[in-house]
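**Student:** Can you read through this structure? Questions will come right after.
Protein chains in written order, with my numbering: chain A, 2 to 299; chain B, 440 to 664.
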């Protein structure tokens, strides 16, 4: 397939002459390929960004847990120390540390504002637990904590992490489905344009057949045009889409998921796959349309 | 070369041609006459595989036309030069490229054939008009360009449908002279025409078989010529 497409793109100056330059189908193909290329860049960016997000939530957050100690003020320090001791001897725990007042204040700041006097409030003590690569047995740890630190509650983030990962996976799937739909729409538009061009050139086809042209020769003349138009259109669309992605606010400025929509590192190579794919879609769509039309004209 | 055996052709519920038998031998010269609408063009189309008979057999170069794939039909047409009544050119290409069109579709390099192309263009008297577009040509020039295109592949058979239909007497004599020359080179010629004066003029120069379509059937023309 790829060799045939390369041969096709290399072209045949003589064969190119036989089909007259067409008007609206050229513009339609170029514009739709550019628009679809542009949209494909965003669908790809969405897909890659959600994949990154799901990975982060799935791997980084999965390695951290929170231990919450709710105890009377006079027992808080003792229970915190006991909990750290239990964690220190638990297999699979890489490190554990109690959050200081500044860190706890920062966590509450979005809801209560700055300068919250956390030291005077009966808020629980939080301990951040980091797992090693093998991880710990959460159920076993809960049992030990229940026996030795009655005020401790272990939250391994599973409860809220799971729906987030599921949502990220769905978004990634949505991005991939969008890419497939964009490809199918491109094929449909190019098929329509190719059919229109073939219908407008019935006389040309009749003359070519009269002088002994094979159907493959006639089809090739049309297929080459539409493939090149789709390639050029998609290159324009991808360039514009890439520029638009570059113009999105940086992560530092926004700090949210949407600002991470761009490509990172080698992921910038992915959009370059779109124009050749658009050319392949155009090649297949136009060839099928040409074969069908030529068969019907027999 | 081309053989029709008990051929019939029907279209739209009516029979246009019936029980037609015809053999075009190598180097022969045929005229096909008959009134307008008698079926001359249909018979020519049957002779180069553009139409399939509804009954009987058409054999092109010893192969039954019904057994030919579409590519086989295309390859057969390279051996049969056709001059259409309305010429059928690609209007966006100059005359020289229209004449070279059979070479182009056969994948032959028109640059290496340039000398032949020039000679052929000169033979039909269109050297000065080689760069003109088909819509800029007169009726006679169009017919001559169509004839040049029909012979550029050096086909075995030339089928011409009313080649003098849109030209004056002088031009029709010039076209006839070209066709006679081709016949002397060994080409098989069949000309469909209702111009009996042209037939009479040709008969004085070549041994031509004159056929007439009458009442859907083909018969040898009588002494009225």
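By construction, the Cβ of each residue, glycine as well, lies at the ideal position given by its N, Cα and C atoms. Computed from a predicted structure; not experimentally measured.
Any idea which residues DSSP pairs residue 597 of chain B with across the strands?
**Tutor:** Position 158 of the second chain, counting from 1, holds the residue named residue 597 of chain B. DSSP lists B:520, B:628 as partners of residue 597 of chain B.
**Student:** Which residues of the segment 186-211 of chain A have a Cβ closer than 8 Å to any Cβ of chain B? Give them in chain order.
**Tutor:** The residues in question are 204, 205, 207, 208, 209, 210, 211.
**Student:** Can we say the segment 445-463 of chain B touches the segment 609-624 of chain B, given the rule of at least three CB pairs closer than 8 Å?
**Tutor:** No: fewer than three Cβ pairs fall under 8 Å.
**Student:** Using beta carbons (cut-off 9 Å, strictly below), is residue 224 of chain A in contact with chain B?
**Tutor:** For the purposes of this step, residue 224 of chain A is identified with residue 223 of the first chain, where counting begins at 1. Not an interface residue.
**Student:** So, under 8 Å CB-CB, residue 552 of chain B and residue 565 of chain B are touching, yes? Tell me the CB distance rounded to an integer number of Å.
**Tutor:** Indexing the second chain from 1 puts residue 552 of chain B at position 113. Indexing the second chain from 1 puts residue 565 of chain B at position 126. That pair is no contact at about 16 Å.
**Student:** With respect to the beta strand (DSSP E) encompassing residue 622 of chain B, which residues constitute its N-terminal and C-terminal limits?
**Tutor:** Counted from its first residue, the second chain places residue 622 of chain B at position 183. Per DSSP, residue 622 of chain B belongs to no beta strand (DSSP E); it is in the alpha helix (DSSP H), 608-623.
**Student:** Kindly indicate if chain A contains any beta-carbon less than 9 Å away from that of residue 501 of chain B.
**Tutor:** Against the second chain, residue 501 of chain B aligns to sequence position 62. Chain A contact via Cβ: absent.
**Student:** Quick one: Cα of residue 636 of chain B to Cα of residue 627 of chain B, how far?
**Tutor:** Taking the second chain and counting its residues from 1, the one referred to as residue 636 of chain B is at position 197. Taking the second chain and counting its residues from 1, the one referred to as residue 627 of chain B is at position 188. Each residue's Cα considered, the two are about 21 Å apart.
**Student:** Under the three-state reduction of DSSP, which class applies to residue 209 of chain A: helix, strand or coil?
**Tutor:** Here residue 209 of chain A refers to the residue found at position 208 when the first chain is read from its first residue. In this structure, residue 209 of chain A counts as helix in the three-state DSSP scheme.
**Student:** Would residue 217 of chain A count as contacting chain E if we go by Cβ distances under 9 Å?
**Tutor:** Although the question refers to chain E, the structure presented lacks it and instead comprises the protein chains A and B.
**Student:** Applying the 10 Å Cβ sphere with the 16-neighbour rule, what's the burial state of residue 242 of chain A?
**Tutor:** Here residue 242 of chain A corresponds to residue number 241 of the first chain, with the count starting at 1. Residue 242 of chain A comes out buried.
**Student:** Provide the residue(s) that pair with residue 443 of chain B in DSSP beta bridges, ordered along the chain.
**Tutor:** Stepping through the second chain from its first residue, residue 443 of chain B is reached at position 4. Paired residues: B:461, B:497.
**Student:** Note down the Cα distance separating residue 573 of chain B from residue 563 of chain B, rounded to an integer number of angstroms.
**Tutor:** Here the question's residue 573 of chain B lines up with position 134 in the second chain. Here the question's residue 563 of chain B lines up with position 124 in the second chain. Near 15 Å, if we compare the C-alpha coordinates of residue 563 of chain B and residue 573 of chain B.
**Student:** Among all the DSSP beta bridges, which residues are the ones paired with residue 433 of chain B?
**Tutor:** This structure cannot settle anything about residue 433 of chain B, because the visible part of chain B is limited to 440 through 664.
**Student:** Can we say the segment 81-101 of chain A touches the segment 125-135 of chain A, given the rule of at least three CB pairs closer than 8 Å?
**Tutor:** Yes: the two stretches touch, three or more of their Cβ pairs being nearer than 8 Å.
**Student:** If I follow the unbroken beta strand (DSSP E) through residue 132 of chain A, where does it start and stop?
**Tutor:** Working through the first chain from its first residue, we reach residue 132 of chain A at position 131. Counting along the chain, the beta strand (DSSP E) containing residue 132 of chain A begins and ends at 126-132.
**Student:** For chain A, check one thing: does any of its Cβ atoms lie closer than 9 Å to the Cβ of residue 604 of chain B?
**Tutor:** Within the second chain, residue 604 of chain B is the residue found at index 165, counting from 1. Chain A contact via Cβ: absent.
**Student:** By DSSP's criteria, residue 94 of chain A is part of a beta bridge. Which residues make up the other side?
**Tutor:** Against the first chain, residue 94 of chain A aligns to sequence position 93. BP columns for residue 94 of chain A point to A:132.
**Student:** How about residue 168 of chain A: is its C-beta nearer than 9 Å to some C-beta of chain B?
**Tutor:** Here residue 168 of chain A refers to the residue found at position 167 when the first chain is read from its first residue. It does not: the Cβ of residue 168 of chain A has no partner Cβ on chain B nearer than 9 Å.
**Student:** What is the residue span of the beta strand (DSSP E) that residue 230 of chain A lies within?
**Tutor:** On the first chain, position 229 is the one that residue 230 of chain A refers to. Careful: residue 230 of chain A lies outside any beta strand (DSSP E), inside the alpha helix (DSSP H) at 216-247.
**Student:** Taking C-beta to C-beta, are residue 590 of chain B and residue 440 of chain B nearer than 9 Å?
**Tutor:** Translated into positions along the second chain, residue 590 of chain B becomes position 151. Translated into positions along the second chain, residue 440 of chain B becomes position 1. Contact: no.
**Student:** Check the Cβ of residue 687 of chain B against every Cβ in chain A and list those closer than 9 Å, keeping chain order.
**Tutor:** Because residue 687 of chain B is not part of the residues shown, which for chain B are 440 to 664, the question remains open.
**Student:** Under the DSSP definition of a beta bridge, which residues are partnered with residue 456 of chain B?
**Tutor:** For the purposes of this step, residue 456 of chain B is taken as the residue at position 17 of the second chain. The partner list for residue 456 of chain B (beta bridge, DSSP) reads B:448.
**Student:** Looking only at its chain, what residues have a beta carbon closer than 7 Å to the beta carbon of residue 170 of chain A, apart from the 5 residues adjacent to it on each side?
**Tutor:** Taking the first chain and counting its residues from 1, the one referred to as residue 170 of chain A is at position 169. For residue 170 of chain A, where only same-chain residues beyond five positions count, the Cβ hits under 7 Å are 55.
**Student:** Ignore the nearest five residues each way along the sequence and tell me which others in residue 466 of chain B's own chain have a CB closer than 8 Å to its CB.
**Tutor:** Position 27 of the second chain, counted from the start, is the residue given in the question as residue 466 of chain B. So the qualifying residues of the chain are 622, 625, 626, 627.
**Student:** What's the gap between the Cα of residue 662 of chain B and the Cα of residue 630 of chain B?
**Tutor:** In the second chain, counting from the first residue as 1, residue 662 of chain B sits at position 223. In the second chain, counting from the first residue as 1, residue 630 of chain B sits at position 191. Annotation note: pLDDT 49 at residue 662 of chain B (below 50); position unreliable, no value reported.
**Student:** Determine whether the Cβ of residue 554 of chain B lies closer than 9 Å to any Cβ atom of chain A.
**Tutor:** Sequence index remark: in the second chain, residue 554 of chain B carries index 115 (1-based). Not an interface residue.
**Student:** Can you look up residue 13 of chain A in the DSSP assignment and give me helix, strand or coil?
**Tutor:** Taking the first chain and counting its residues from 1, one reaches residue 13 of chain A at position 12. In this structure, residue 13 of chain A counts as coil in the three-state DSSP scheme.
**Student:** Could you give the residue range of the alpha helix (DSSP H) that holds residue 589 of chain B?
**Tutor:** Translated into positions along the second chain, residue 589 of chain B becomes position 150. Unbroken alpha helix (DSSP H) run through residue 589 of chain B: 578-590.
**Student:** Counting contacts by CB-CB distance shorter than 9 Å, is residue 214 of chain A in contact with chain B?
**Tutor:** Taking the first residue of the first chain as position 1, residue 214 of chain A is located at position 213. It does: the Cβ of residue 214 of chain A has a partner Cβ on chain B nearer than 9 Å.
**Student:** Since residue 21 of chain A meets chain B, which of its residues come closer than 7 Å, beta carbon to beta carbon?
**Tutor:** Translated into positions along the first chain, residue 21 of chain A becomes position 20. The answer, in chain order, is 531.
**Student:** To which residues of the same chain is residue 485 of chain B closer than 7 Å at the C-beta, ignoring the five residues directly before and after it?
**Tutor:** Within the second chain, residue 485 of chain B is the residue found at index 46, counting from 1. Cβ within range, chain order: 443, 446, 448, 492, 497.
**Student:** Report buried or exposed for residue 592 of chain B, applying the criterion of at least 16 other Cβ atoms within 10 angstroms of its Cβ.
**Tutor:** Start at 1 with the first residue of the second chain, and residue 592 of chain B comes out as number 153. Flag for residue 592 of chain B reads buried.
**Student:** Taking only three categories from DSSP, how would you classify residue 178 of chain A?
**Tutor:** Within the first chain, numbered from 1, the residue matching residue 178 of chain A stands at position 177. DSSP places residue 178 of chain A in helix when its eight states are reduced to three.
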